[in-house]
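Residue numbers (this note's numbering): 1 to 289.
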């Protein structure tokens with residue numbers, strides 16, 4: 001049984017816009033995702049954009065990353081204060097802890113900027129590296145913060161609602177190894193796998209989408225004349241291997257300066273009595289704490 005989240009339901013009221021938290025949780029359980037519009041203030045959007053600007057230069061290495069996209073990884077090492085605040089936002093942590101338990105970990109933390117002409121991504125789910133047959137629980141929670149607005153033309157994330165409940169891959173029928181990392185570039189108007197149930201996450205800047213990691217989704221094609229920027233913190237169960245090796249991505253001298261909760265999310269924590277120890281003791285000891 002997953003314990004109650006450490007975040008109180010009352011503390012989330014300012015972000016709900018009058019909506020009922022349990023109804024929002026039921027929507028998340030049914031559709032696989034839920035959206036909170038405009039909860040990041042303009043000053044924080046500017047702070048995130050400023051932190052990312054020096055690193056938005058390298059383009060993707062394959063069709064999945066996007067040949068016309070910038071991806072920035074290891075964000076806690078690059079700007080600890082800015083992204084510590086993001087990954088510990090009460091709404092994100094409430095959903096992650098309620099889904100995965102308080103020992104959940106930060107699995108990935110990256111920025112994605114889609115430039116004009118970027119093509120649609122292959123369908124995927126963020127926990128498909130956990131090779132347990134469907135139907136199964138979600139083993140992660142993915143969040144999406146819009147630094148720029150997402151709309152139909154600039155590549156808003158596309159989602160198949162309810163796909164976390166599928167008993168298999170549905171009718172997607174893709175070859176994951178070949179399609180996810182295709183080294184060839186496609187036309188922006190070409191969609192190799194349209195799906196009739198697809199919806200787009202249309203959101204203004206400063207919004208948050210929280211999604212079960214077992215939901216099939218993809219980045220849309222950017223057919224507009226402007227780029228769009230998001231940041232996506234992703235959380236996983238405490239026993240699951242993180243997508244990004246956070247212990248190496250964040251130098252120990254920087255990790256030691258992070259708050260206790262951020263260190264726990266990075267991996268300086270214990271799951272289920274003793275999983276995660278270092279030389280027989282709590283991993284914080286390796287930082288001299």
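Every residue gets a Cβ at the ideal spot worked out from N, C-alpha and C, and that includes glycine.
Of the residues assessed, residue 144 falls on the buried side of the cut-off, its CB having 16 or more other CB atoms within 10 angstroms. Secondary structure of residue 146 (DSSP, three-state): strand. Per DSSP, the beta bridge partners of residue 203 are 150.
Here residue 212 has 32, 138 and 164 as same chain residues with Cβ atoms under 6 Å from its own Cβ, once five neighbours each way along the sequence are excluded. Residue 85 and residue 132 have their C-alpha atoms spaced approximately 33 Å apart. In this structure, DSSP gives residue 70 an extended state, which the three-state scheme calls strand.
Contact between residue 91 and residue 238 is ruled out by a C-beta separation of about 20 Å, above the 8 Å threshold. The beta carbon of residue 34 sits closer than 7 Å to those of 24, 27, 28 and 210, all from its chain and outside the five residues before and after it, given in chain order.
Contact between residue 243 and residue 107 is confirmed by a C-beta separation of about 5 Å, below the 8 Å threshold. One thing to note: residue 7 has its Cβ no nearer than 8 Å to the Cβ of residue 73. The alpha-carbon of residue 110 is positioned some 10 Å away from that of residue 52. When 201, 216, 71 and 65 are compared, the shortest CA-CA separation from residue 193 is found for 216. With a cut-off of 8 Å on Cβ pairs, the segment 148-158 is in contact with the segment 195-209, counting three or more such pairs. Taking each of 265, 48, 188 and 198 in turn and checking the Cα distance to residue 162, the smallest one comes out for 198.
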